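Under full-length UniProt numbering, the letters of the sequence shown match residues 1 to 418, in that order.
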Amino acid sequence: MEFRTLLKSAYLALKANKTRSLLTTLGIIIGVATVISMVSIIDGMNRYVYQILGSLGSKTVYVQKWKWAIRTTRVSREEVRKILRRPDLTLEDAEAIRELPEVELAAASQPIWAGLRMRHKNKTIELDPEGVEEDFLPIAGYEVEYGRGLNRNDILYKRNVVVIGKYVAENLFPDEDPIGKELEIGGYKFLVIGVLKEKGELMGNNLDEVAFIPITTAQKLFINKTSRRYRIFASLRILAKVRDDVPMEEGLKSLETLMRKRRNLRFNDESNFSLNTQEMLLDAYKKLTNGIFFAMIGIASLALIVGGIGIMNIMLVSVTERTREIGVRMAVGAKRKDILMQFLVEAIFLTTVGGLIGVIIGSIIGKLVDIATPLPSAIPLWSILVGLGFSTFVGLFFGIYPAQKAAKLDPIEALRYE
Numbered sequence: 001m002e003f004r005t006l007l008k009s010a011y012l013a014l015k016a017n018k019t020r021s022l023l024t025t026l027g028i029i030i031g032v033a034t035v036i037s038m039v040s041i042i043d044g045m046n047r048y049v050y051q052i053l054g055s056l057g058s059k060t061v062y063v064q065k066w067k068w069a070i071r072t073t074r075v076s077r078e079e080v081r082k083i084l085r086r087p088d089l090t091l092e093d094a095e096a097i098r099e100l101p102e103v104e105l106a107a108a109s110q111p112i113w114a115g116l117r118m119r120h121k122n123k124t125i126e127l128d129p130e131g132v133e134e135d136f137l138p139i140a141g142y143e144v145e146y147g148r149g150l151n152r153n154d155i156l157y158k159r160n161v162v163v164i165g166k167y168v169a170e171n172l173f174p175d176e177d178p179i180g181k182e183l184e185i186g187g188y189k190f191l192v193i194g195v196l197k198e199k200g201e202l203m204g205n206n207l208d209e210v211a212f213i214p215i216t217t218a219q220k221l222f223i224n225k226t227s228r229r230y231r232i233f234a235s236l237r238i239l240a241k242v243r244d245d246v247p248m249e250e251g252l253k254s255l256e257t258l259m260r261k262r263r264n265l266r267f268n269d270e271s272n273f274s275l276n277t278q279e280m281l282l283d284a285y286k287k288l289t290n291g292i293f294f295a296m297i298g299i300a301s302l303a304l305i306v307g308g309i310g311i312m313n314i315m316l317v318s319v320t321e322r323t324r325e326i327g328v329r330m331a332v333g334a335k336r337k338d339i340l341m342q343f344l345v346e347a348i349f350l351t352t353v354g355g356l357i358g359v360i361i362g363s364i365i366g367k368l369v370d371i372a373t374p375l376p377s378a379i380p381l382w383s384i385l386v387g388l389g390f391s392t393f394v395g396l397f398f399g400i401y402p403a404q405k406a407a408k409l410d411p412i413e414a415l416r417y418e
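Here's what the structure looks like:
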């Protein structure tokens, strides 16, 4: 029996019972749609997170009071107290790090969590500036579009100067050049000396909604205004860029040795500082998404198995309903393998159609996530092939028994069946 004839026969048999065929394939549809939608969302998340972490710099080390982590459980109060008891980093630490031969650039940064307002004439926005040293902007990936960045004298003399992002420039200086203009921050007057190039959004955060002032000025004017609730986030941090010709492990070892020496830590003492890198977040993120991925596979597999059992039950019902038809076909010369192939192709055809519908629904869900959230969902070709492959396998596996039962029918008994 030709394959084309088998497909046509399968199509006509399923068309005769449209509602039953659709309901039968629901498990397959749900399973494949789950795989496609979850893979598209996770793949989009991966691209998005890698883009975010890429902006941190693969050779940049963040020397901080606390360790970066992607947590799935709450942080205990004792852990928080332990971190709060750690000594703060200092500008002297940054200076010592700059002297390391493995380090190309290093700069301290002082976040401010005080809910400050920035004002120019009748325009106001709420934004906390960040106090930084002169090399912070290039290490963090910021470029000055016009004007200038901060220099060493700005830091030494604690000048009231500010470099602003595109968002700040457009909202506070919509119709004028901000360079050389005064900007009020938290009640203090600052001179705008530079505007940064546009960076866009990242994970829903506007990277152009920034303002950088000399770190010494920030410590003099604003550090005491930081809320106690956010004091841990406002602790000074140091960004150190390891030289390109130095392995990252060597750079980390050098930084750790220096900081432990500066803190007078003994050999068996726990470090009271953290060295954070892009790779640490990537590892933590991979562990998190691997768990989600395996949970998704489990749910999808369960749906496919349920769908497969449904396919087998319906095919058994179909064999019973079409017993006389099978007898007639055998009587006019159809071989047992022809009957076997006919019902097997029907089962595979049914699950493959369910798989195709699942791919379409999963793709639509992925697209809706792409439109409604900042996550750029993407559907890799392998996920479509895997979804269709599994649905075809389910049809083959769960269709064998009904097909064999149909092929083993006795022609005479089948013709007598009413």
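The beta carbon of each residue, even a glycine, is placed where N, CA and C say it ideally should be.
None of the values given here were measured: they were computed from a predicted structure.
Proximal residues to residue i (C-beta, below 8 Å), its chain only, five neighbours per side dropped
| i | result |
| --- | --- |
| Leu89 | Val63, Gln64, Lys65, Ala108, Ser235, Leu236, Arg237, Ile238 and Phe273 |
| Ile179 | Tyr146, Gly147, Val192, Ile193, Gly194 and Val195 |
| Glu256 | Ser271 and Leu275 |
| Leu137 | Glu143, Val144, Gly149, Leu150, Val163, Leu196 and Phe212 |
Through-space distance from residue j to residue i, alpha-carbon basis
| i | j | result |
| --- | --- | --- |
| Glu102 | Ala211 | 30 Å |
| Ile309 | Thr373 | 37 Å |
| Met330 | Arg324 | 10 Å |
| Ile357 | Trp382 | 17 Å |
| Asp245 | Leu91 | 26 Å |
| Glu201 | Ala378 | 19 Å |
| Leu22 | Leu116 | 60 Å |
| Ala406 | Leu282 | 54 Å |
| Arg20 | Val317 | 11 Å |
| Arg266 | Leu258 | 13 Å |
| Glu249 | Val242 | 10 Å |
| Phe393 | Gly354 | 12 Å |
| Val319 | Ala334 | 16 Å |
| Arg322 | Met315 | 10 Å |
6 Å Cβ shell around residue i - same chain, five flanking residues per side excluded
| i | result |
| --- | --- |
| Gly131 | Gln110, Ile213, Ile215 and Ala218 |
| Ile365 | Ser37 |
| Thr72 | Caution applies to Thr72, whose pLDDT of 49 falls short of 50 and renders its modelled position unreliable; the model cannot decide the point. |
Closest by C-alpha distance to residue i, when choosing among the options
| i | options | result |
| --- | --- | --- |
| Glu134 | Thr289, Met118, Ala106 and Pro247 | Ala106 |
| Arg401 | Ala334, Asp338, Gly389 and Asn313 | Checking the sequence shown, residue 401 turns out to be Tyr, not Arg. When each option's Cα is compared against that of Tyr401, the closest is Asn313. |
| Ile42 | Arg324, Ala295 and Leu409 | Ala295 |
| Gln404 | Asn46, Lys337, Gly366 and Trp382 | Lys337 |
| Arg262 | Ile29, Glu95, Ser40 and Val35 | Glu95 |
| Phe173 | Met118, Phe267, Lys199 and Leu282 | Met118 |
| His120 | Gly187, Met315 and Arg243 | Gly187 |
| Thr25 | Val359, Glu270, Gly366 and Thr60 | Val359 |
| Leu156 | Leu137, Lys220 and Ile164 | Lys220 |
| Leu196 | Leu127, Ile28, Val80 and Gly149 | Gly149 |
| Glu104 | Glu143, Ile112 and Thr60 | Thr60 |
| Gly31 | Phe397, Phe398 and Ile361 | Ile361 |
| Met341 | Tyr50, Asp269 and Lys408 | Lys408 |
| Ala284 | Ala169, Asn205, Val49 and Lys181 | Val49 |
Distance CB(residue i)-CB(residue j) smaller than 8 Å
| i | j | result |
| --- | --- | --- |
| Asn171 | Ile125 | yes |
| Tyr167 | Glu99 | no |
| Val162 | Ile185 | yes |
| Gly44 | Pro376 | yes |
| Val35 | Pro380 | no |
| Ile339 | Ile348 | no |
| Ile311 | Gly387 | no |
| Thr352 | Gly395 | yes |
| Pro129 | Ile112 | yes |
| Ile97 | Ala240 | yes |
Residue i at chain C interface by Cβ criterion, 8 Å
| i | result |
| --- | --- |
| Thr25 | The chain labelled as chain C is not found in the depicted structure, where only one protein chain is given. |
7 Å Cβ shell around residue i - same chain, five flanking residues per side excluded
| i | result |
| --- | --- |
| Leu183 | Met118, His120, Val162, Leu172, Phe190 and Val192 |
Identify every run of the alpha helix (DSSP H) within the UniProt domain "ABC3 transporter permease C-terminal" (299-411), keeping only runs that are complete inside it and at least 4 residues long; order them along the chain. As far as the UniProt domain "ABC3 transporter permease C-terminal" (299-411) is concerned, its whole alpha helix (DSSP H) runs of at least 4 residues are 323-331, 336-372 and 381-407.
Beta strand (DSSP E) runs contained entirely in the region 117-150, provided each spans 3 or more residues: Within the region 117-150, the runs of beta strand (DSSP E) that reach at least 3 residues and sit entirely inside it are, in chain order, 117-120, 123-126, 130-132 and 144-147.
Beta strand (DSSP E) runs wholly inside the region 160-219, at least 3 long, in chain order: If only complete runs of 3 or more residues are kept, the region 160-219 shows the beta strand (DSSP E) at 161-164, 182-185, 188-196 and 211-214, in order along the chain.
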